Structure formats: C-alpha cells, structure tokens
Amino acid sequence: MTVLVPDRLDDALAALDSDPALTVLAGGTDLMVELNYGRRRPIDVLSLRRLAALRDWHVERSAAGAGTREDTVVLGAAVTYTTLLGDELARLLPALAQAARTVGSPQIRNAGTIGGNLVTGSPAGDTLPVLVAQEATVELASARNGLRRLPVSDFLTGPKQTARRPDELLVAVRIPVRPGRSEFLKIGVRNAMVIAVANCALVVDRERRALRCALGSVGPVPIRDPAAELWATTRLDWDGHAAPHPSVVEGFGRRMAAASRPIDDHRATAAYRRHAVGVMARRALERAWRPAA
Amino acid sequence: MSTETVEPTYELTVNGVVRPVAGAHQGDSLLHVLRDRLGLPGAKNACEQGECGSCSVLVDGVLVCACLELAEAAVGCAITTVEGLAPAGAEPGDAALASDVLTDVQQAMVEAGGVQCGFCTPGFVVAIHDLLDRVPEPSPLDVREALAGNLCRCTGYGRILAAVDQVVAVRSRSNGD
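Sequence lines, in order, name chains A and B.
Numbers 37 to 329, taken from the working numbering, label the letters of the first sequence in order.
Numbers 21 to 197, taken from the working numbering, label the letters of the second sequence in order.
Here's what the structure looks like:
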C-alpha cells in the first residue's frame, strides 16, 4: 500500500495519470469505514490533505453584459461541510448549508467534503439534491486532458457511480447563486448522525421564474420532475408573490411523490419514502415561497 | 505501484512530540496507531465508523474522529490527543492523574459526575475543549450541537452538560477578575 500526499495539484494529477487505480482520499468518512471493517483491502491511496487550494472557495462575479446578475460560488472539492456552514457561504447558498448541517456530527462535518459526497455518489448523499436543484456543475481535471465541466445531474450516473474517469480528479464544484429562496429538508430517525431516509431540495429562481426540486434517497440518483416543476411554476403568483393556493402545494407534493422511485431497505419502506417526499416537497414549496422578511 | 507488503515506517507528531511509527499495518487508522503503536490509549476504540466520537482528537487543531483518519496520511500534521491537553507530564507512565494534572474540563467532568464508566470521557473532553476554545460562552444549543457526535450510554448527558456549564462559569469568572 502506497500513500501519496502531494503538495501540488499537478503532482496529484500526474500520480493519477500514471496509476489510475489510485484511490482518492479526501475526508475519509466513507473510505476509512470500509478499510476499518475489512470491506476493502488496503489500497494505494492519493490523499488530498495537503492540496490547500482544494479547500478554498470564492465567488465568481457574473460577466458584465451577460444578461444575468448571477454570481457563481466556486467550491474547491475538499471544502468541508463545516466550511459550508460558515456565515458567508450559508448566506449565499442557504439550502446547501442546511444540508451540510444535517450531515453526521461536528467531527464528521470537519472531515467530510463536498467532493467526497459527490464522488462517493451515495443515493442518500445530503448535498446531492441541493446541487442538482441549483444546477451546479463539477470540474474534473486530468493531466492528459486538462479540465472538463459537466452538470452534477450528468456526473451522478447511478448508486455510487459517477462519470469520473479513473485518471480524473474532481477539483471544484460550481454553483450558480439563484436570486430567490431555497430550502432543504431531510427525514431520518433522529436529528444528529443520521443517513437520510429521504431528503429534498427546492430552489426558487425568481429571475427565470422557475422552480427546481430534487429528491434524494428515493432513486439511484437525485430525482427531478420538470413537468411537476412547470405545473407548479405556472400556478404561482410571480408578480405579487401571494401564498400559493393549497391545491397547488398539495398537487406539487403529489406529483413529486409520484416521480420518486424509492426502494424498501433497512432504513425505510418504499411506501413510507414516497409519502415522505410528497410531504417534504409540499413543505419546501411553502417555506421557500414565503416572502422575504 | 509496488504490491509487496512493506511495513510502513513514518513519523507522526503527537502532542508536540515527533514519534516514529514502527510495525503499523497497511491502511491503519490513526486511532489504531495511537493506541497500539504509540502507547496512547486515551482515544477509545468503539464504533470505527465515526458514529460515537470516543476517538475524538485534534488534527491541525480540527476536531475529528481518529478512526476516520488514515494514519500514514497524517504525517506532518499536529495531532493532539486527550493526553496532550493536560499540562506536560500527564501522559501515561508519567506522574499521572493527580488532580493538578487534569485540565479544568477533566476536573469539572469528575466533579459534576459526568464520568461513569468513563469510556466516552476522553472523547467528550477533547470535544468540550475544542468547543470552548472556539466559543468561550456557548448557548445551550451550541453545547448540544457541539457534542452531538459523542455518545454516552451511562450518564444521560445531563451531568456532562453540567460539567460544561461549570467550566464556562469558572473561566468567565476568572477572566472577569
């Protein structure tokens, strides 16, 4: 077992290029459990610990004349959940902060990273519905082919499966800051330290007058239903911002529940999950539609 | 990449001391190396999946579960265990465990009855120190959230929370003098 801990991104990419079988280690909250429990043999590891640039984040201002006033938050892949909870990021991306706050414990949030959540690709990953609802993109780097970007919804291809090629490193997540409210909801057996039975993210995009909702833990990847989103969008009062008619929030919840594809497992039954995401989608819409205080 | 099984040899900086690690197994967590190779049994081994917090340590000043850190990747980091919180000389084998080598948090845990079987205590002590270093006067909610990753099956938590209150009260009084 070799453990590489490079100081420079170029060195990390060169290592992955020469040995694509390397396992990338970020926060360790998934990989170390597999090693501790003997589910995985010791493997050659590329640790991101010393790549300080991957732990930084910044805001990219929208280009002048781009026809939009949208900024983009660019998160290094090794940004931790604790960092996502910081005041400034929580203000820019409140639903992402809400999701981060529900992950594990302080110890887990100090270690676990946004990139790890993505690359692990668990159907229950808490940030994933938020990233899908925000229409975030990931940035993958390789020594041979440089950078490529793809939408998170294309990056996540199945349960614990992603579009990352073996020689690629996930280096950044780009998240457009939508002018409007957003909401994240999660159901688990208690408040701390739980894997989601089901979760839900909803983003109100006031500029485009669009609604985006993604459900987690009820399918192989986060689930959206553009038809249900459009159905609700056309029934909302975008000018006066009046509270939606109860039939709209109920109809939206019903449609999202119908779009879910849950399974029975040790955490919950499919029937419970389907019911739960309907309730969460309804509540998310009600909360996100409240006028700004 | 070599596949032969060479025993890793590396050094870890724990409680300010550079310590060579011999005979560690491949893929060993920091927790195993601390306990079984470096003779520092303060961090406790229970769930090995980050659920219980009994192995809480600080790595470069950040509270983490030692069971989720790959030991070999922590080379060059400043690691602090519960043994390193007390004044120098409090490590096992030294003139240990007289009350004057306990930290205020450890002393308060004893006085408030926050220690019963004691297994979770070191993890709580490290987590409480971390909290009070960052937030000297935490709200009750701050305390509960900060300790949500540490499980105790004996005390019901009330006495642990009382110990935190006691430390906060004493520290803020002495700061006011």
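Beta carbons are placed, not taken as given, at the ideal position from N, Cα and C, and that holds for glycine.
Predicted model, so just to flag it, every value in this text is computed and none were measured.
Rounded to whole angstroms, what is the Cα-Cα separation between residue i and residue j?
i	j	result
Gln186 of chain B	Ser76 of chain B	22 Å
Ala237 of chain A	Ala268 of chain A	15 Å
Val95 of chain A	Gly64 of chain A	27 Å
Leu132 of chain A	Leu186 of chain A	19 Å
Ala150 of chain B	Pro158 of chain B	Before going further, note that residue 150 of chain B is Asp rather than Ala in the sequence given. Using only the alpha carbons, I get a separation of about 12 Å.
His52 of chain B	Arg191 of chain B	34 Å
Val121 of chain B	Lys222 of chain A	44 Å
Phe288 of chain A	Asp43 of chain A	49 Å
Trp325 of chain A	Cys85 of chain B	39 Å
Asp162 of chain A	Leu90 of chain A	20 Å
Leu171 of chain B	Val184 of chain B	16 Å
Arg105 of chain A	Ser98 of chain A	6 Å
Ala279 of chain A	Glu171 of chain A	25 Å
Arg85 of chain A	Pro142 of chain A	18 Å
Ile180 of chain B	Val239 of chain A	40 Å
Thr173 of chain A	Pro159 of chain A	18 Å
Gly140 of chain A	Ala166 of chain B	11 Å
Asn195 of chain B	Val163 of chain B	20 Å
Ala88 of chain A	Ala234 of chain A	33 Å
Ala116 of chain B	Thr123 of chain B	Reliability of the predicted coordinates at Ala116 of chain B is poor, the pLDDT of 49 falling under 50, and no value is obtained from them.
Ile211 of chain A	Leu71 of chain A	32 Å
Thr23 of chain B	Val39 of chain A	The predicted model places Thr23 of chain B with a pLDDT of 44, which falls under 50 and marks its position as unreliable; any figure quoted below should be read in that light. Distance between the alpha carbons of Thr23 of chain B and Val39 of chain A: 12 Å.
Reducing DSSP to helix, strand and coil, say where residue i ends up.
i	result
Glu124 of chain A	helix
Leu122 of chain B	coil
Ser189 of chain A	helix
Pro195 of chain A	coil
Phe139 of chain B	coil
Pro42 of chain A	coil
Asp92 of chain A	coil
Arg180 of chain A	coil
Ser192 of chain B	helix
Leu151 of chain B	helix
Arg173 of chain B	coil
Ser54 of chain A	helix
Ala113 of chain A	coil
Asp107 of chain A	coil
Glu70 of chain A	helix
Ala317 of chain A	helix
Glu171 of chain A	coil
Ala128 of chain B	helix
Arg248 of chain A	strand
Leu82 of chain A	strand
Thr118 of chain A	helix
Ala116 of chain B	Its pLDDT being 49, under 50, Ala116 of chain B is placed unreliably by the model, and the measurement read from it follows with that caveat. Coil.
Ala62 of chain A	coil
Ala198 of chain B	Any question about residue 198 of chain B goes unanswered here, given that chain B covers just 21 to 197.
Short of 7 Å in beta carbon distance, which residues of its chain neighbour residue i, apart from the five on each side in sequence? Order them along the chain.
i	result
Ser119 of chain B	Bear in mind that a pLDDT of 48 at Ser119 of chain B, under 50, signals an unreliable position, so the model cannot answer this.
Asp107 of chain A	Val95, Glu96, Arg97, Ser98, Val213
Lys196 of chain A	Thr156, Gly157, Ser158
Val115 of chain A	Arg91, Trp93, Thr149, Ile150
Arg291 of chain A	Asp261, Ala264, Trp267
Going by beta carbon distance, what residues of the same chain come within less than 6 Å of residue i, once the five residues before and after it are set aside?
i	result
Asp203 of chain A	Leu52, Asp53, Pro56, Ser178
Leu120 of chain A	Leu132, Ala133, Ala136
Ala182 of chain B	Ala132
Leu111 of chain A	Trp93, Ile150, Val209
Arg245 of chain A	Trp274
Gly104 of chain B	Asn35
Thr193 of chain A	Ala199
Arg323 of chain A	Glu219
Ala304 of chain A	Val233
Apart from the five residues on each side of it in sequence, which residues of its chain come closer than 8 Å, Cβ to Cβ, to residue i?
i	result
Ala293 of chain A	Arg310, His311, Val313, Gly314, Ala317
Thr59 of chain A	Leu67, Ile79, Asp80, Val81, Leu82
Ser49 of chain B	Glu68, Ala86, Cys87, Leu88, Glu89, Leu90, Ala91
Ser74 of chain B	Ala63, Lys64, Asn65, Ala66, Cys67, Phe139, Cys140, Pro142, Gly143, Asn170, Leu171
His281 of chain A	Arg271
Ala147 of chain B	Gly73, Ser76, Leu83, Ala166, Leu167, Gly169, Asn170
Arg39 of chain B	Glu31, Leu32, Thr33, Leu58
Nearer than 8 Å: is that true of the beta carbon of residue i relative to any heavy atom of the ligand GTP?
i	result
Ala86 of chain B	As presented, the structure is devoid of all ligands, the ligand GTP included, so that no description of it is given.
Legend entry - Short-range partners of chain B found in the region 140 to 157 of chain A, where Cβ spacing is below 8 Å: Gly140, Ser141, Pro142, Gln143, Ile144, Asn146, Ala147
Inset, instruction - Mind listing, in chain order, the continuous beta strand (DSSP E) runs of no fewer than 3 residues lying wholly within the region 256 to 314 of chain A? - result: none
Legend entry - Chain-ordered residues of the region 203 to 235 of chain A with a beta carbon less than 7 Å from chain B: Ala228, Met229
Inset, instruction - Give the residues from the region 90 to 120 of chain A that approach chain B closer than 9 Å (Cβ to any Cβ), ordered along the chain. - result: Thr116, Thr118
Inset, instruction - Taking only runs that begin and end inside the region 32 to 91 of chain B, name each unbroken beta strand (DSSP E) of 3 or more residues, in chain order. - result: 37 to 41, 76 to 79, 82 to 85
Legend entry - Near-chain A residues of the region 129 to 145 of chain B (beta-carbon distance less than 8 Å), N- to C-terminal order: none
Inset, instruction - Could you tell me which uninterrupted alpha helix (DSSP H) segments, each at least 4 residues in length, are contained entirely in the region 140 to 168 of chain A, listed from first to last along the chain? - result: 142 to 147, 150 to 156
Inset, instruction - Please specify which runs of the beta strand (DSSP E), each continuous and at least 3 residues long, are wholly inside the region 205 to 245 of chain A, giving them in chain order. - result: 205 to 212, 218 to 223, 234 to 241
Legend entry - Residues from the region 63 to 85 of chain B in contact with chain A, defined by Cβ distance under 7 Å: Glu68, Gln69, Gly70, Glu71, Gly73, Ser76, Val82, Leu83, Val84, Cys85
Inset, instruction - Note down, in chain order, all residues in the region 41 to 65 of chain B with a beta-carbon under 7 Å from any beta-carbon belonging to chain A. - result: Gln46, Gly47, Ser49
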